[in-house]
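Undergrad: Residue numbers (full-length UniProt numbering): 1 to 346.
For every residue, glycine included, the Cβ atom is placed at its ideal position computed from N, Cα and C.
Keep in mind it's a predicted model, so treat the numbers as computed, not measured.
Below is the structure I would like to discuss, written out as structure tokens.
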Amino acid sequence: MNPQANLIFTISLILGTTITISSNHWIMAWTGLEINTLAILPLISKSHHPRAIEAATKYFLTQAAASALVLFSSMTNAWHTGQWDITQLTHPTSSLILTSAIAMKLGLVPFHFWFPEVLQGSPLTTGLLLSTIMKLPPIALLYMTSPSLNPTLLTTLAILSTALGGWMGLNQTQIRKILAFSSISHLGWMAIIIVYNPKLTLLNFYLYSMMTATIFLTLNTIKVLKLSTLMTAWTKIPSLNAMLLLTLLSLAGLPPLTGFLPKWLIIQELTKQDMAPAATLISLLSLLSLFFYLRLAYCTTITLPPHTTNHMKQWRTSKPTNITIAILTTMSVMLLPISPMILTIV
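Have a look at this one:
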């Protein structure tokens, strides 16, 4: 892609996200979401492969439908209350429609079908944008409207997302699809706590984005897209593969790694809200996704290809690892001991 075009689309992404998260008026928030959608479409379809074109089409249709629902819910609320302010979403029907629209934008169950397909058809760098920065504006809208959302609906969506995200990722061999189902599962954890403690949702999102960025950038460095190539990639940059193992375990939420922090705090908050059964259920369902993280980790560092025929060993690359990956990996693995400090900042 032309560097100037790439720059314009990247600036538009940042602009759209900034407009949405800093707006008070529903129309401005909607405008930011639309700018975001239009900016990411060329980045998804830049390879001109039929799968990329298909992914861009699916993404456009679902996001357009979700944006129309956001506009519809805000207009319904304005009709009943005379308010266009985002924080004044008080009408129950409006908040119900908005929850559905945001669930569609994020890829929460039962509106999740588009997300694995779109991620599979996108390049790794665009997949990283779709999994992290494109999720920020909808989560910001949920954060601003959290007092008037329906807790029962969100808890149901969250538990279904964690279940299906873990269950449907079990049988995948394509790494991008596995990461898509991982994202759906993590969104379940964010959705269940948004009504009770919105700041925890943001903390969870920041840490999830950091760990996912580490994994996507690492995979982009070693040029791996599926499990069979991941098995032979250890010869390229062995140290990076060893750190990828730790990052995957951190994303799974195992102590004493960074990924354990948000899950621990969410379970603690749910227990305080007398929702111990929901906390138990979502914890047990996250064991499903633990299986495919462990499988990825196993393929990354432990397994040799399961055949006796000679296969092509990949040469070690002489270029040094990116400093960004080094910093992100360190943070993805080692932030748990300073969790009291993180909690005072958030």
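For Trp30, which option in Asn204, Pro3 and Asp85 has the closest C-alpha, if you only look at C-alpha atoms?
TA: Cα-wise, what sits closest to Trp30 is Asp85.
Undergrad: Is it true that the CB of Trp189 sits closer than 9 Å to the CB of Phe266?
TA: According to the sequence as given, residue 266 is Ile; it is not Phe. In this structure, Trp189 lies closer than 9 Å to Ile266 by Cβ.
Undergrad: May I ask you to report which of helix, strand or coil DSSP gives Gln174?
TA: Note: Gln174 maps to strand in three-state DSSP.
Undergrad: If you count every other CB in all the chains shown that lies within 10 Å of the CB of Val79, and 16 or more means buried, which is it?
TA: According to the sequence displayed, residue 79 carries Trp and not Val. Burial call: exposed.
Undergrad: By the three-class DSSP mapping on this structure, what secondary structure does Lys226 have?
TA: Strand.
Undergrad: Among the candidates Pro116, Leu98 and Met341, whose CA atom is the shortest distance from the CA of Phe72?
TA: Measuring from the Cα of Phe72, the nearest candidate turns out to be Leu98.
Undergrad: Exposed or buried, which one is Ala191 when buried takes at least 16 other CB atoms within 10 Å?
TA: It counts as buried.
Undergrad: Report the residue ranges of all alpha helix (DSSP H) runs contained in full by the stretch 116 to 173; include only those spanning at least 4 residues, in chain order.
TA: Runs of the alpha helix (DSSP H) inside the stretch 116 to 173: 124 to 131, 136 to 145 and 151 to 168.
Undergrad: List the DSSP bridge partners of Asp85.
TA: Asp85 is bridged to His25.
Undergrad: My assumption, with CB atoms under 8 Å, is that Ser183 sits in contact with Gly259. Please give the rounded CB distance.
TA: 13 Å between Cβ atoms; not a contact.
Undergrad: Can you round the beta-carbon distance between Leu284 and Ile159 to whole angstroms, since I take them to be within the 8 Å contact cut?
TA: Not confirmed; about 10 Å, so no contact.
Undergrad: Go through its chain and collect everything with a Cβ distance to Thr81's Cβ below 8 Å, but skip five positions before and after it.
TA: Around Thr81: Gln88, Thr90 and His91.
Undergrad: Please list, in chain order, all residues of the same chain as Ala180 whose beta carbon is under 6 Å from its beta carbon, the five residues on each side excluded.
TA: Once the five neighbours on either side are set aside, the close Cβ partners of Ala180 are Phe115, Pro116 and Leu119.
Undergrad: Give me the Cβ distance between Ile21 and Ile35, rounded to the nearest whole Å; I'm assuming they're in contact under 8 Å.
TA: That pair is no contact at about 12 Å.
Undergrad: Could you tell me the distance, in whole angstroms, from the CA atom of Leu136 to the CA atom of Gln273?
TA: Distance between the alpha carbons of Leu136 and Gln273 is about 26 Å.
Undergrad: Any contact between the stretch 154 to 173 and the stretch 40 to 54? By contact I mean 3 or more CB pairs, one from each, below 8 Å.
TA: The stretch 154 to 173 is not in contact with the stretch 40 to 54.
Undergrad: Taking only three categories from DSSP, how would you classify Tyr196?
TA: Reduced to three states, the DSSP call for Tyr196 is coil.
Undergrad: Should Lys223 go down as buried or exposed, given a rule of 16 or more other Cβ atoms within 10 Å for buried?
TA: Its Cβ having fewer than 16 others within 10 Å, Lys223 is exposed.
Undergrad: Got a sec, what are the start and stop residues for the alpha helix (DSSP H) Asn241 sits in?
TA: Per DSSP, Asn241 belongs to the alpha helix (DSSP H) from Pro238 to Ala252.
Undergrad: Grab me the residues of Leu261's own chain with a C-beta within less than 6 Å of its C-beta, minus the 5 sequence neighbours each way, in chain order.
TA: Here the set comprises Leu336 and Ser339.
Undergrad: Val333 by DSSP, collapsed to three states: which one?
TA: DSSP places Val333 in helix when its eight states are reduced to three.
Undergrad: Which first and last residues belong to the alpha helix (DSSP H) in which Ser95 is found?
TA: Segment Pro92 to Leu106, the alpha helix (DSSP H) holding Ser95.
Undergrad: Is Thr329 closer than 9 Å to Thr221 when the C-beta atoms are compared?
TA: Not closer than 9 Å, so no.
Undergrad: Is the stretch 119 to 130 close to the stretch 235 to 249, with three or more CB pairs under 8 Å?
TA: At 8 Å Cβ cutoff, the stretches do not touch.
Undergrad: Can you check whether the CB of Lys226 is closer than 9 Å to the CB of Thr173?
TA: Yes, the pair counts as a contact, with Cβ atoms nearer than the cut-off.
Undergrad: Tyr208 to Ala5, Cα distance in whole Å?
TA: Looking at the two C-alpha atoms, the distance is approximately 29 Å.
Undergrad: Heavy atom of the ligand SAH less than 8 Å from the Cβ of Thr37, yes or no?
TA: The model on display carries no ligand, and the ligand SAH is accordingly not part of it.
Undergrad: Drop a sphere of 10 angstroms on the beta-carbon of Phe113, count the other beta-carbons inside from all chains shown, and report buried for 16 or more, exposed for fewer.
TA: The residue in question, Phe113, is exposed, as its Cβ has fewer than 16 Cβ neighbours within 10 Å.
Undergrad: In the DSSP assignment, find the alpha helix (DSSP H) that holds Trp264 and state where it starts and stops.
TA: First-last of the alpha helix (DSSP H) with Trp264: Phe260 to Lys272.
Undergrad: Quick one: Cα of Pro138 to Cα of Lys105, how far?
TA: Each residue's Cα considered, the two are about 7 Å apart.
Undergrad: Cβ of Leu141 within 9 Å of Cβ of Ser95?
TA: In this structure, Ser95 does not lie closer than 9 Å to Leu141 by Cβ.
Undergrad: Among Thr93, Met144 and Leu203, which has the Cα closest to the Cα of Met341?
TA: Per the Cα distances, Leu203.
Undergrad: Out of Ile175, Thr132, Leu13 and Gly32, which one is the CA nearest neighbour of Ser228?
TA: Of the candidates Ile175, Thr132, Leu13 and Gly32, the one whose C-alpha sits nearest the C-alpha of Ser228 is Ile175.
Undergrad: How big is the Cα-Cα spacing for Thr194 and Leu294?
TA: According to the sequence shown, residue 194 is Ile rather than Thr. Cα to Cα, the separation comes out at about 28 Å.
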